[in-house]
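Novice: Numbering (this note's numbering), first residue to last: 90 to 454.
#1: Within 8 Å, do at least three Cβ pairs link the segment 354-366 to the segment 329-338?
#2: For residue 270 and residue 288, I'd like the C-alpha separation in whole angstroms.
#3: Does DSSP put residue 249 in a helix, in a strand, or in coil?
#4: Just verifying my parser: in three-state terms, what is the DSSP assignment at residue 166?
#5: Examine the Cβ distances between the segment 228-236 and the segment 194-204 and report whether three or more of them are shorter than 8 Å.
#6: Would you tell me roughly how many angstroms separate the C-alpha atoms of residue 185 and residue 324, rounded to the nearest one?
#7: Since residue 407 and residue 347 are thought to touch, with beta carbons under 8 Å apart, how far apart are those beta carbons, to the nearest angstrom?
#8: Should the segment 408-416 be called in touch with the segment 304-323, which here means at least 3 C-beta pairs below 8 Å?
#9: Provide the residue(s) that pair with residue 203 in DSSP beta bridges, ordered along the chain.
#10: Helix, strand or coil, according to DSSP, for residue 315 in the structure here?
#11: Can you give the Cα-Cα distance for residue 280 and residue 426, rounded to whole angstroms?
#12: Which residue comes first and which comes last in the beta strand (DSSP E) that contains residue 424?
#13: Let me know the beta strand (DSSP E) ranges lying completely inside the segment 228-286, each 3 residues or longer, listed in chain order.
#14: Span of the beta strand (DSSP E) holding residue 96?
#15: Does the ligand MN have even one heavy atom less than 6 Å from the beta-carbon of residue 223?
#16: Using a Cβ-Cβ distance under 7 Å, would residue 228 count as near chain C?
#17: For residue 440 and residue 300, I'd like the C-alpha separation in whole angstroms.
#18: Report the rounded CA-to-CA distance for residue 194 versus residue 311, giving the unit in angstroms.
#19: Output the distance between the C-alpha atoms of residue 174 and residue 395, rounded to the nearest integer angstrom.
#20: Kindly indicate which three-state DSSP category residue 448 falls into: helix, strand or coil?
#21: So the beta strand (DSSP E) residue 379 belongs to, where does it begin and stop?
#22: So the candidates are 140, 178, 352, 320; which of them puts its Cα closest to the Cα of residue 123?
#23: Rank 368, 224, 403 by C-alpha distance to the C-alpha of residue 380 and give the top, closest one.
#24: Give the DSSP-derived three-state secondary structure of residue 125 in the structure shown.
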C-alpha cells in the first residue's frame, strides 16, 4: 500500500505534526509506503502562524500569495495522484474545484478535518477574512463531497461532515504518550500556571486578565509562564514567555504545575478539541479549561480536569489547585489515564489502518 499525505502545512503547523507526522513511523513499521507533500510551503506555513499579528494590508497580500501557491501545488498533487493507492488530505482543500480532477485520477480520498475550517474565527475582521471565509466554506464542502472517507476529531465537526459524506470516523488527538510522559517537578514553593499556544490563540488570554491580577495579588509565590505567545499587552501582571520549540515543549509542559486553556464558546471554538488541554493531561498536569461541549467529550469536571465558565469559576478552581498539591497530583494522574485511553497514538493507529484497508476494498466502506 502506498499513501500520499497532503497536509495543509509543513511540520511547523500543529495539525500536521499531530494528524500526519506522528503516524508516519508507525505506518512504516507496518510496511506501508508513503510520501508527504504539503499544500503550502514551509515559508507560507511559518507566515500562517504569524499572520494573526499581521496588519490588514500584509494579511491580504499573504492570502493572495498563499492562494496562488495552493493552485500550483494542487496541480502537482493531481499529476502524481495516480502513483498512489490512497490520497490523504489533512485540512487540504483545492482551489477552483480542482478536487474533481483529483477524484477522476484517484477516487480513494481520505479527508481529515480536526478543526472547523469551514468557519472563520470571530475575532478575525477585514477584507482578507471575508475573502478567506467565502473561499474556505465552499472548498471544504467540495472536498467532503469528493472524499470516500472523512476522519474528524469531535462530534461537532462530525455533525457538519455528515451532511456531505456517510463514511466518517471520529479519532481525537492523537497524543504520543511515550513522548509526552509524566515527570515530577523538583520540590519548590513556587507554583507555575502555564499556557502553551500560538499567536492565533494568544487573544484568548485576555479573557483572564482579571483572574491573573487577582491571583498574583493573592499568592506572592505564583508564576505565570506562556509558551508560543503572540502579541499580549496590558496584562497587568508579570509573566515569563518563551518561543515554542519542538525540542523543548515537553520540558516546558513538565515545568508547569497547572495548565490553562481559556477560550470563548462559539461555533468556531466548538470545532476545536484543544491540543494544549491534551498536552497538559498527557504530562500529568491538571488543566483548567473553558467549558465547551467539545471539551466535555474529554473532561469530566473535577475528575480529570476542571471547567471554568466565568471569572469566579477561574479564580475558585485555580485557587483550590494552587492551595492543594495533592489535588493537583490526583487530577493530573486521572488526566493522563484519560489521554492514554482515548487519545493515545498507539491506540489510534489501528483505527487508521482499518480505514486504509477498507479503502482498498478489504472491508466495507
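Just so it is clear, CB atoms sit at the ideal spot from N, CA and C, and this is done for glycine as well. Keep in mind it's a predicted model, so treat the numbers as computed, not measured.
Specialist: Walking through what the data contain:
#1: no
#2: As a position in the chain shown, residue 270 is number 181, starting the count at 1. As a position in the chain shown, residue 288 is number 199, starting the count at 1. Each residue's Cα considered, the two are about 26 Å apart.
#3: Translated into positions along the chain shown, residue 249 becomes position 160. The answer is helix: DSSP assigns residue 249 an H, G or I state.
#4: Sequence index remark: in the chain shown, residue 166 carries index 77 (1-based). DSSP places residue 166 in helix when its eight states are reduced to three.
#5: yes
#6: Within the chain shown, numbered from 1, the residue matching residue 185 stands at position 96. Within the chain shown, numbered from 1, the residue matching residue 324 stands at position 235. Distance between the alpha carbons of residue 185 and residue 324 is about 44 Å.
#7: Taking the chain shown and counting its residues from 1, one reaches residue 407 at position 318. Taking the chain shown and counting its residues from 1, one reaches residue 347 at position 258. Rounded, the Cβ-Cβ distance is 7 Å, consistent with contact.
#8: yes
#9: Here residue 203 refers to the residue found at position 114 when the chain shown is read from its first residue. Note: residue 203 sits in no beta bridge, so no partner.
#10: Taking the first residue of the chain shown as position 1, residue 315 is located at position 226. Correct three-state label for residue 315: strand.
#11: For this step, residue 280 is matched to residue 191 along the chain shown. For this step, residue 426 is matched to residue 337 along the chain shown. About 23 Å.
#12: Position 335 of the chain shown, counted from the first residue, corresponds to residue 424. Note, residue 424: premise wrong, no beta strand (DSSP E); alpha helix (DSSP H) at 414-432.
#13: 238-241, 257-259, 280-285
#14: Along the chain shown, read from residue 1 onward, the residue named residue 96 stands at position 7. That run of the beta strand (DSSP E) goes 91-96.
#15: Only the bare structure without any ligand can be found here, which leaves the ligand MN out of the picture.
#16: The question asks about chain C, but that chain is absent: this structure has only one protein chain.
#17: Translated into positions along the chain shown, residue 440 becomes position 351. Translated into positions along the chain shown, residue 300 becomes position 211. Taking the straight line joining both Cα atoms gives about 41 Å.
#18: Locating residue 194 in the chain shown gives position 105, where the first residue counts as 1. Locating residue 311 in the chain shown gives position 222, where the first residue counts as 1. The alpha-carbon atoms of residue 194 and residue 311 are separated by roughly 59 Å.
#19: As a working note, residue 174 is residue 85 in the chain shown. As a working note, residue 395 is residue 306 in the chain shown. Approximately 44 Å between the Cα atoms of the pair.
#20: Against the chain shown, residue 448 aligns to sequence position 359. In this structure, residue 448 counts as helix in the three-state DSSP scheme.
#21: One-based indexing of the chain shown puts residue 379 at position 290. Segment 376-379, the beta strand (DSSP E) holding residue 379.
#22: To locate residue 123, count along the chain shown from 1; it is residue 34. Taking only the C-alpha atoms, the option nearest residue 123 is 178.
#23: Within the chain shown, numbered from 1, the residue matching residue 380 stands at position 291. Of the candidates 368, 224, 403, the one whose C-alpha sits nearest the C-alpha of residue 380 is 403.
#24: Indexing the chain shown from 1 puts residue 125 at position 36. Three-state DSSP puts residue 125 in a strand.
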